[in-house]
Amino acid sequence: MGHVLGDVLGFAAAVAVSPLPIIAVILILATPRGRLNGVLFTVGWILGLSALGAVMLAIASPTSASSHGHPATWVGALKLVLGLFLVVFGARQWHRRPRDPSQAKLPKWMSAIDRLTPVKIFALGVALAALNAKNAPLTIAAGATIGSAGLPVGQEIASLAIFVVIATLGLLAPLAVFLLGGQRAKTSLGNWKEWAAQHNVAVMAVLFFVLGLKLLGDGISILVS
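So the number in our numbering is just where the residue sits in the sequence shown, counting from 1, plus 1.
In structure tokens:
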């Protein structure tokens with residue numbers, strides 16, 4: 002289990018520092034129902050990650066993903082495809098990053114966050130966790146890694162739970178600051194939002210490129226073993 006956690010912690014950390022969800026939760030916390038909406042968004046995020054990870058665990062069960070104690074060939078192919086996607090996507094993001102960080106623009110949907118109902122805020126959390134092109138490949142890779150390790154079911158669930166907790170730290174930090182920081186929290190969160198908005202593309206480009214190379218290496222290693 003320790004070896005598996007070592008493999009997936011990088012994916013969890015990359016999901017945790019993904020700037021867009023952090024910006025989204027900070028904007029949500031600034032709405033009139035910020036306390037309720039912030040919690041709902043975070044719960045939706047946790048459920049989205051858990052659901053996607055659980056699907057991968059079900060697919061990559063020990064009987065289908067492991068062969069003679071080693072991950073099956075299709076797991077290597079999956080990691081190879083995910084790694085190639087992340088490398089290409091990361092390089093593309095880096096090429097398209099704004100030369101002047103102050104000129105970075107946020108997605109248009111963020112301007113409507115203050116008008117979303119609690120139900121839509123919850124759905125947004127689920128979507129950003131499970132359906133976002135930046136986070137879903139990392140969660141799929143983590144689920145495939147855990148599921149193909151041949152661990153007992155209890156350890157698989159524990160490993161996925163640890164992944165989800167670490168991947169949620171990026172949202173829990175601003176939520177905790179908001180709930181415990183009082184009036185000063187607004188200034189701190191505002192500074193976080195500005196930094197994340199300016200460096201969103203560059204941060205994700207580097208993370209995707211590095212993790213993509215790791216997945217490519219893992220996939221090649223499985224396929225040639």
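Each residue gets a CB set at the ideal place from its N, CA and C atoms; glycine is no exception.
Can you have a look at residue 136 and say buried or exposed, based on whether 16 or more other CB atoms are within 10 angstroms of its CB?
Classification of residue 136: buried, given that the 10 Å Cβ count is 16 or more.
Take residue 24 as the anchor and find which of 192, 217, 177 and 216 has the nearest alpha-carbon.
Residue 24 has its Cα closest to that of 192, out of 192, 217, 177 and 216.
Bounding residues of the alpha helix (DSSP H) (the contiguous stretch that carries residue 126)
119–131
By the DSSP assignment, the alpha helix (DSSP H) with residue 167 in it spans what residues?
First-last of the alpha helix (DSSP H) with residue 167: 154–181.
Does residue 110 pass the burial test, meaning 16 or more other C-beta atoms within 10 Å, or should it be called exposed?
exposed
Collapsed DSSP secondary structure at residue 99 in the structure displayed:
coil
May I ask you to report which of helix, strand or coil DSSP gives residue 138?
Here residue 138 carries a helix assignment [DSSP, helix/strand/coil].
Beta bridge counterpart(s) of residue 20 as assigned by DSSP
Paired residue(s): none; residue 20 is not in a bridge.
Which first and last residues belong to the alpha helix (DSSP H) in which residue 60 is found?
First-last of the alpha helix (DSSP H) with residue 60: 35–60.
Which residue's Cα is closest to the Cα of residue 145: 76, 178 and 48?
Residue 145 has its Cα closest to that of 76, out of 76, 178 and 48.
Look up residue 32 in the DSSP assignment and say whether it is helix, strand or coil.
DSSP, read as helix, strand or coil, puts residue 32 in coil.
Could you tell me if residue 213 is buried or exposed, where buried requires 16 or more neighbouring beta carbons within 10 angstroms of its beta carbon?
buried
Alpha-carbon to alpha-carbon, residue 208 and residue 73
27 angstroms
When burial is assigned at 16 or more other CB atoms within 10 Å of the CB, is residue 1 buried or exposed?
As shown, the chain starts at 2 and ends at 226. That puts residue 1 outside it, with no answer to give.
Using the Cα positions of residue 28 and residue 133, report the straight-line distance between them to the nearest angstrom.
The alpha-carbon atoms of residue 28 and residue 133 are separated by roughly 18 angstroms.
Measuring straight from C-alpha to C-alpha, what distance separates residue 158 and residue 47?
14 angstroms
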